[in-house]
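Asker:
There are 2 protein chains.
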Amino acid sequence: MAVNPVDYAARILEGSHRAAARLISWLEDEDERAYECMRMLYPHTGRAYVVGITGSPGAGKSTLTNALTRVIRKNGLKVGIVAVDPSSPFTGGALLGDRVRMSELAEDPDVYIRSMATRGFLGGMAKAAGEVVKVLDALGKDVILIETVGVGQDEVDIVEVADTTCVVMVPGLGDAIQSLKAGIMEIADVFVVNKADHVGADMLCAEICARVEMDVQLRDRGWVAPVNRAVAVEGVGLEELWLSIESHRKYLLDSGKFYEKRRERVSREALRMIHGDLFRVVREQLERSGRLEAAVEELMSKKLDPYSLMRDIVTEWLSSSRCK
Amino acid sequence: MAVNPVDYAARILEGSHRAAARLISWLEDEDERAYECMRMLYPHTGRAYVVGITGSPGAGKSTLTNALTRVIRKNGLKVGIVAVDPSSPFTGGALLGDRVRMSELAEDPDVYIRSMATRGFLGGMAKAAGEVVKVLDALGKDVILIETVGVGQDEVDIVEVADTTCVVMVPGLGDAIQSLKAGIMEIADVFVVNKADHVGADMLCAEICARVEMDVQLRDRGWVAPVNRAVAVEGVGLEELWLSIESHRKYLLDSGKFYEKRRERVSREALRMIHGDLFRVVREQLERSGRLEAAVEELMSKKLDPYSLMRDIVTEWLSSSRCK
Chain A
1151 MAVNPVDYAA RILEGSHRAA ARLISWLEDE DERAYECMRM LYPHTGRAYV VGITGSPGAG
1211 KSTLTNALTR VIRKNGLKVG IVAVDPSSPF TGGALLGDRV RMSELAEDPD VYIRSMATRG
1271 FLGGMAKAAG EVVKVLDALG KDVILIETVG VGQDEVDIVE VADTTCVVMV PGLGDAIQSL
1331 KAGIMEIADV FVVNKADHVG ADMLCAEICA RVEMDVQLRD RGWVAPVNRA VAVEGVGLEE
1391 LWLSIESHRK YLLDSGKFYE KRRERVSREA LRMIHGDLFR VVREQLERSG RLEAAVEELM
1451 SKKLDPYSLM RDIVTEWLSS SRCK
Chain B
1151 MAVNPVDYAA RILEGSHRAA ARLISWLEDE DERAYECMRM LYPHTGRAYV VGITGSPGAG
1211 KSTLTNALTR VIRKNGLKVG IVAVDPSSPF TGGALLGDRV RMSELAEDPD VYIRSMATRG
1271 FLGGMAKAAG EVVKVLDALG KDVILIETVG VGQDEVDIVE VADTTCVVMV PGLGDAIQSL
1331 KAGIMEIADV FVVNKADHVG ADMLCAEICA RVEMDVQLRD RGWVAPVNRA VAVEGVGLEE
1391 LWLSIESHRK YLLDSGKFYE KRRERVSREA LRMIHGDLFR VVREQLERSG RLEAAVEELM
1451 SKKLDPYSLM RDIVTEWLSS SRCK
């Protein structure tokens, strides 16, 4: 077994799942070796196509992800799956079930599945998911599926890592129309009505189509989000879903938006990293110098307010950087 | 109507809901005036008792919050409610219903309700909720209830703003046992089994009690989280819940943990503010200097990797701050 980051990078580029798993653990642990390894892998990233799969809890995203994976595999493409759990005490328990459920796919050597439930990741889950995507990309996966529960800002951020975002809805959850009102149009490139054999599926499809129509009129976008029907548990409608995703990919490439989106992502990621690291440094310095401790005492006794403290500290950093 | 921050601060200290609403809007908009106003209010904060109410979607948190508010009002205390929505496209729609539902309480001049659905708040929802709590505190509310869906890191952070955290569960959601496994014990000071007249309530109570018992043995905490039963929709069990909250408050005060918790919160809040402001400043500087733009080009062409970029920029900041 390789022991240093250089060896790990080489083994990941050869397709070693074990080496990838180790690197991801390093990333989760903020281990120094992760950065060395990532630095070496970076030039080999950017090739994989990234698909986000999001939707309400209970929409059957995991089943859909698995079924879609089988279709992609039939097309001869290698698949990486990143299952992001919002790492909440209320939902954390679902992961174990996912892992068991995914064991069938896990036997396919060209499928790599990674569940992420880490909380408190420096820079948030979006940064973490972005890093894992890079590892799977370097690992040689052609398509990377990011499955995430569509709740909270964190998960919306994760979607930003994707080239194509599929929003999964199901009839009967009751929140479908609400969701459509509340800004879902902005993130959906492809809609999937899962459990399309259930009562209410036709109406849900019609409602989504009506909203898409309205949205197109309002915003005159070049891409009209298709509404797919699927019964993921029976493997129905997945080929069509994959075709929709491929169409969106073609649209992005032809329109030049693919490059634009990737560029924005790279910019956002860089900022996020710089921010995370800078804050770590500032915090360490504030703690080491006793400055934070002293300030907290003053804040507690109301001799100081946090707004003035914030101004003071940031101004100090700013003025010191001007003396260059 | 007052026009400057000084006037607004004075009016908030006199109890004006309108002035408070304006200030909160300023906070949401990152308006400069907010900071001036908050600075003036800060010495008048820290008096209110803050109660977090969290739990799975569908647990009846809103109804419980309303019913609890009535009990607290009967005790002659003024109540502020902060209803935090994770501002997701999937759940954002729920807010309107909440507002309508809460209209009964809204007629009580000693109750102030604020829904928060803002996304992208600099520094996250936890910072935002913390600020709103300060406003309601300065407004003279005795008890502030923060109602939040317990999904995602953001919501767990919000709970950190609370002195006492109530975790609401209901029979039949199926995720109760999972939740108990997944770290909920760490955040719950008081459990509430809502819809306690439903099938499965007894078993759920028994399970929670067993877990609490195990937890006490494991960690030997000074406080044993009580398990309350309630039927919020009929106003049953709310007096007992309020007594549990009061007991926890007394425990915190007697044990010295109240001060300790508040101190940690102040420290965390200060760091969070510095974090947010630093990010704004760094981003502005990187954008203004064209440094970010140039770096992104190099990142896109893989001439540079983001890890080296991060190191370079943070090192520049560090070395420049040493020249003081």
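Those protein sequences? They're chains A and B, same order as listed. Just so you know, we're using this note's numbering here: the first sequence kicks off at 1151 and counts up by one. Just so you know, we're using this note's numbering here: the second sequence kicks off at 1151 and counts up by one. Yeah, the Cβ is synthetic: ideal placement off N, Cα and C, and Gly gets one too.
Taking 7 Å as the CB-CB limit, is B:S1397 close to chain A?
Answerer: So no, B:S1397 is outside the interface.
Asker: Exposed or buried, what is A:L1295 when buried is set at 16 or more other beta-carbons lying within 10 Å of its beta-carbon?
Answerer: The residue is buried, with at least 16 neighbouring Cβ atoms inside 10 Å.
Asker: Whole angstroms are fine: how far does the CA of A:G1387 sit from the CA of B:L1177?
Answerer: Straight-line Cα distance between these residues: approximately 47 Å.
Asker: Whose Cβ in chain A lies nearer than 7 Å to the Cβ of B:M1460?
Answerer: The answer, in chain order, is M1423, I1424 and D1427.
Asker: I'd like the list of long-range same chain contacts for B:C1355, defined as Cβ closer than 7 Å, with 5 residues on each side in sequence excluded.
Answerer: These residues qualify, in order along the chain: V1343, V1377 and R1379.
Asker: Do we get a CB-CB distance below 7 Å when we pair B:P1456 with the residues of chain A?
Answerer: Chain A, which has a Cβ nearer than 7 Å to the Cβ of B:P1456, makes this yes.
Asker: Does B:L1295 come out as helix, strand or coil in the three-state DSSP assignment?
Answerer: If DSSP states are grouped into helix, strand and coil, B:L1295 belongs with the strands.
Asker: DSSP has A:C1187 in a bridge; who is on the other side?
Answerer: Paired residues: none, contrary to the question.
Asker: Along the chain, where does the beta strand (DSSP E) containing A:N1378 start, and where does it finish?
Answerer: Residues V1377 to R1379.
Asker: If we cut at 7 Å on Cβ distances, does B:Y1158 have a partner in chain A?
Answerer: False, the Cβ-Cβ gap to chain A never drops below 7 Å.
Asker: Which same chain residues, not among the five before or five after B:Y1158, have their C-beta less than 7 Å away from its C-beta?
Answerer: These residues qualify, in order along the chain: A1152, A1169, R1172, L1173 and C1187.
Asker: Return the first residue and the last residue of the beta strand (DSSP E) that B:R1264 is part of.
Answerer: Start and end: V1261 to M1266.
Asker: At what residues does the alpha helix (DSSP H) containing A:G1205 begin and finish?
Answerer: From DSSP, A:G1205 is part of no alpha helix (DSSP H) but of the beta strand (DSSP E) over Y1199 to G1205.
Asker: Is DSSP giving B:V1311 helix, strand or coil here?
Answerer: Note: B:V1311 maps to coil in three-state DSSP.
Asker: Taking its Cβ as the centre, do 16 or more other Cβ atoms sit within 10 Å of B:G1270, making it buried, or is it exposed?
Answerer: In this prediction, B:G1270 has a pLDDT of 47, which is less than 50 and means its spatial position is unreliable; what the coordinates show is noted afterwards. So B:G1270 counts as exposed.
Asker: So with CB distances below 8 Å, who are the chain A contacts of B:R1361?
Answerer: Simply none; closest approach about 12 Å.
Asker: Going along chain B in order, which residues have a C-beta closer than 7 Å to the C-beta of A:A1256?
Answerer: Within chain B, no residue comes near A:A1256; the closest Cβ sits about 22 Å away, beyond 7 Å.
Asker: B:R1412 to B:G1202, Cα distance in whole Å?
Answerer: One C-alpha to the other measures close to 14 Å.
Asker: Closest to B:R1161 by CA distance: which of B:D1179, B:E1180, B:V1374 and B:H1194 is it?
Answerer: Considering only alpha carbons, the answer is B:H1194.
Asker: Do B:I1231 and A:I1463 have their C-beta atoms within less than 7 Å of each other?
Answerer: No.
Asker: Please name the residue, chosen from B:A1382, B:V1282, B:T1315 and B:E1384, that lies closest to B:W1373 on a Cα-to-Cα basis.
Answerer: When each option's Cα is compared against that of B:W1373, the closest is B:T1315.
Asker: Going along chain B, which residues have a C-beta under 9 Å from A:E1419?
Answerer: The answer, in chain order, is L1449 and P1456.
Asker: Does the CB of B:K1452 have a neighbour CB from chain A at under 7 Å?
Answerer: Yes, its Cβ sits closer than 7 Å to a Cβ of chain A.
Asker: Check the Cβ of A:A1445 against every Cβ in chain B and list those closer than 7 Å, keeping chain order.
Answerer: A1420, listed in chain order.
Asker: In or out: A:M1275 buried (at least 16 other Cβ within 10 Å) or exposed?
Answerer: That one is buried.
Asker: Taking the C-alpha atoms as reference points, what is the distance between B:V1416 and B:A1278?
Answerer: Using only the alpha carbons, I get a separation of about 14 Å.
Asker: Nearest CA to the CA of A:D1181: which residue from A:N1154, A:G1196 and A:L1286?
Answerer: Cα-wise, what sits closest to A:D1181 is A:N1154.
Asker: Can a CB atom of chain A be found closer than 7 Å to the CB of B:V1431?
Answerer: Answer yes: the Cβ-Cβ gap between B:V1431 and chain A drops below 7 Å somewhere.
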